[in-house]
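Reading through the structure tokens given below for one structure.
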């Protein structure tokens, strides 16, 4: 059994073999690595902010059936990614895996698709937080909540997340650990409150699995599939455990467990929470017609001050979720930029000598996320009858962006195995053995299916946005990166002396 | 009937999830570093 220092030395050597220096501070334990993904999945963000979407399209049965079906397949995707994280433990994760398994250009596209998904997820999470925080603040300070005030609150939340992430991984890691416990505690408070204090009591259990009733104009089966966005968006962002792999001690085992366990625990806690929230509904039509179905249900069930306290607790959970998602996003950009995959890469790959965080990448993540919500805000001003919801747009972009980026390396691993390039000896300690292939295949089928489901009307704006971004990517690739991007393979040309010199510089700065 | 199917789905998801986890844990425990090789497309560091 190695002590922490021996393990960290071995982790550093492992990273050096990929041509990278240990620039980020490696200090995260297994729980912190799990906590960052668990916080980004955040059942109190995704399942709550899209509760109205799920209920409108799939009725109460969406919470019983929809959540479970999505969780089943997401567990398979998470297991596939966990296996890759164990085999190739670098912060670039999806991008690095794709580039190594197939080639630099597919890696470059994977990175950008992942990046687009990350913009969507950060914007979606912090926008959800603003959607909850703004009406609560409006009650406290006596103003009227509008799209403009929501956008301002969203900007302030992003700013706070930028500052906290800039200041240091130690603070963020502590907040992430706290966030994981906080999520479990708030779910417990919510469940106990609803179990004992719901006005008019809970519905019979059949209600949770009631199918056939939709509040949309779509046929039920199609409406149910559209409603899956609620669960599917919740189960995103668990690649964070892989993006923080260079900050995790014993990463080849702890990061895969972080990915897998975050999904598994989110399934269990999320199911319990959704079951009690749904069973407390006594006016489903009123909930779907309200501005925020979750707030409506909780207010109706618990009423007054108690209901407000629960909503504040949920809002803080969303705040923690956004904090973790910026950490993940910035690490992904840092890793991609150190391989010179983005315009002005030198800046985004720069590590703050004082805080040992990718400070400029953090602020770029903040700006890009704000820009996406701002574009949506302006679109709605120009076209007030656009007929889609901002949150569905942001979440649609993030689900498709992230899941396509998850699917590419899984597919490429299967291909590399079939060609005899990726062999048994290349698997890391966390592997699926003979189950790997069927799990990978089922993951890809699910990703293809869900990517189509998330962009069909009424969420077609997400498809237009993703299509537009993809055209820009093709132009960027053909005009510059096709020739100049060398991929993570270029790092392998660095000598070990050069890597060690860089690491010594960081150590020296620390002293 | 829906309740039965619903809970059956939950139980199946929990069982499959646990089985994958146990299988991975077994592989972690039996992993041998000396049989492992890092996967890089330019094999310059091995």
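Chains as they are written, first to last, in this note's numbering: chain A, 1 to 511; chain B, 1001 to 1046.
Backbone N, C-alpha and C define an ideal beta-carbon position, used for all residues, glycine too.
All of these numbers come straight from a predicted model, not from anything done at the bench.
Item to check | Close beta carbons around residue 347 of chain A, own chain, < 7 Å, minus the five adjacent residues each side | outcome: 360
Checklist entry - Using CA coordinates, which residue listed in A/53, A/87, A/81, A/96 is at the minimum distance from residue 489 of chain A? => result A/96
Item to check | Contacts that residue 1034 of chain B makes with chain A (C-beta to C-beta distance below 9 Å) | outcome: Under the 9 Å cutoff, chain A gives no residues; its nearest Cβ is about 10 Å from residue 1034 of chain B.
Item to check | Rounded separation between residue 64 of chain A and residue 1035 of chain B - CA only | outcome: 45 Å
Item to check | Nonlocal neighbours in the same chain, by C-beta distance under 7 Å from residue 167 of chain A, ignoring five residues either side | outcome: 355
Item to check | chain A contact residues for residue 1009 of chain B, given Cβ-Cβ distances below 8 Å | outcome: 65, 68, 69, 72
Item to check | Buried or exposed (CB count within 10 angstroms, at least 16 for buried), residue 371 of chain A | outcome: exposed
Item to check | Whole-Å CB distance - residue 47 of chain A paired with residue 230 of chain A, under 8 Å assumed | outcome: 6 Å
Checklist entry - Around the C-beta of residue 196 of chain A, are 16 or more other C-beta atoms found within 10 angstroms, so that it is buried, or is it exposed? => result exposed
Next on the checklist: Helix, strand or coil, according to DSSP, for residue 248 of chain A in the structure here?
Outcome noted: strand
Next on the checklist: My output table needs one value for residue 28 of chain A: the three-state DSSP class, helix, strand or coil.
Outcome noted: strand
Item to check | Other residues of its chain near residue 330 of chain A: CB distance less than 7 Å, five sequence neighbours each side excluded | outcome: 165, 358, 361, 362, 365
Item to check | Residue-chain proximity (residue 431 of chain A, chain B), Cβ-Cβ < 8 Å | outcome: yes
Item to check | Under 9 Å (Cβ pairs) to chain B, residues found in the stretch 33–50 of chain A | outcome: none
Item to check | Whole-Å CB distance - residue 405 of chain A paired with residue 113 of chain A, under 8 Å assumed | outcome: 5 Å
Checklist entry - Assuming residue 1010 of chain B contacts residue 209 of chain A under a Cβ cut-off of 8 Å, what Cβ separation, rounded to an integer in Å, is found between them? => result The pair is not a contact, with the Cβ atoms about 10 Å apart (cut-off 8 Å).
Checklist entry - Grouping DSSP H, G and I as helix and E and B as strand, with all else coil, what is residue 320 of chain A? => result helix
Next on the checklist: Just to make sure I have the definition right: I need the residues of chain B whose C-beta is within less than 9 Å of the C-beta of residue 106 of chain A. Which are they?
Outcome noted: Simply none; closest approach about 12 Å.
Item to check | Limits of the unbroken alpha helix (DSSP H) element including residue 1040 of chain B | outcome: Looking at the DSSP string, residue 1040 of chain B is not in any alpha helix (DSSP H), and its letter there is neither H nor E.
Checklist entry - Using the rule of at least 16 other Cβ atoms within 10 Å of the residue's Cβ for burial, across every protein chain shown, is residue 343 of chain A buried or exposed? => result exposed
Next on the checklist: Is it buried or exposed, residue 430 of chain A, if we count other Cβ atoms within 10 angstroms and call 16 or more buried?
Outcome noted: buried
Next on the checklist: Short of 7 Å in beta carbon distance, which residues of its chain neighbour residue 280 of chain A, apart from the five on each side in sequence? Order them along the chain.
Outcome noted: 194, 198, 202, 297, 301
Checklist entry - Going straight from the alpha carbon of residue 1016 of chain B to that of residue 76 of chain A, what length do you get? => result 9 Å
Checklist entry - Is residue 12 of chain A helix, strand or coil when you go by DSSP? => result helix
Item to check | Interface residues of chain B facing residue 250 of chain A [CB-CB closer than 9 Å] | outcome: Under the 9 Å cutoff, chain B gives no residues; its nearest Cβ is about 11 Å from residue 250 of chain A.
Item to check | Residue of A/467, A/60, A/338 minimising C-alpha distance to residue 396 of chain A | outcome: A/467
Item to check | Element boundaries [alpha helix (DSSP H), containing residue 62 of chain A] | outcome: Per DSSP, residue 62 of chain A belongs to no alpha helix (DSSP H) and is neither H nor E.
Checklist entry - Can you name, in chain order, every residue of its own chain whose Cβ lies under 6 Å from the Cβ of residue 462 of chain A, other than the five neighbours on each side? => result 393, 396, 397, 455
Item to check | Contact list for residue 205 of chain A against chain B, beta-carbon separation under 7 Å | outcome: 1003
Next on the checklist: Restricting to Cα atoms, I'd like to know which of A/101, A/200, A/399, A/373 is closest to residue 447 of chain A.
Outcome noted: A/399
Next on the checklist: Taking the alpha carbon of residue 123 of chain A as the reference point, which residue from A/345, A/338, A/162 has its own alpha carbon closest?
Outcome noted: A/162
Item to check | N- and C-terminal bounds of the alpha helix (DSSP H) containing residue 294 of chain A | outcome: 293–302
Checklist entry - Straight-line CA distance for residue 109 of chain A to residue 477 of chain A? => result 8 Å
Checklist entry - Beta-carbon separation of residue 183 of chain A and residue 43 of chain A under 8 Å? => result yes
Item to check | C-beta neighbour in chain B for residue 208 of chain A, strict 8 Å | outcome: yes
Next on the checklist: On a Cα-Cα basis, can you pick out the residue from A/416, A/45, A/401 that is closest to residue 186 of chain A?
Outcome noted: A/45
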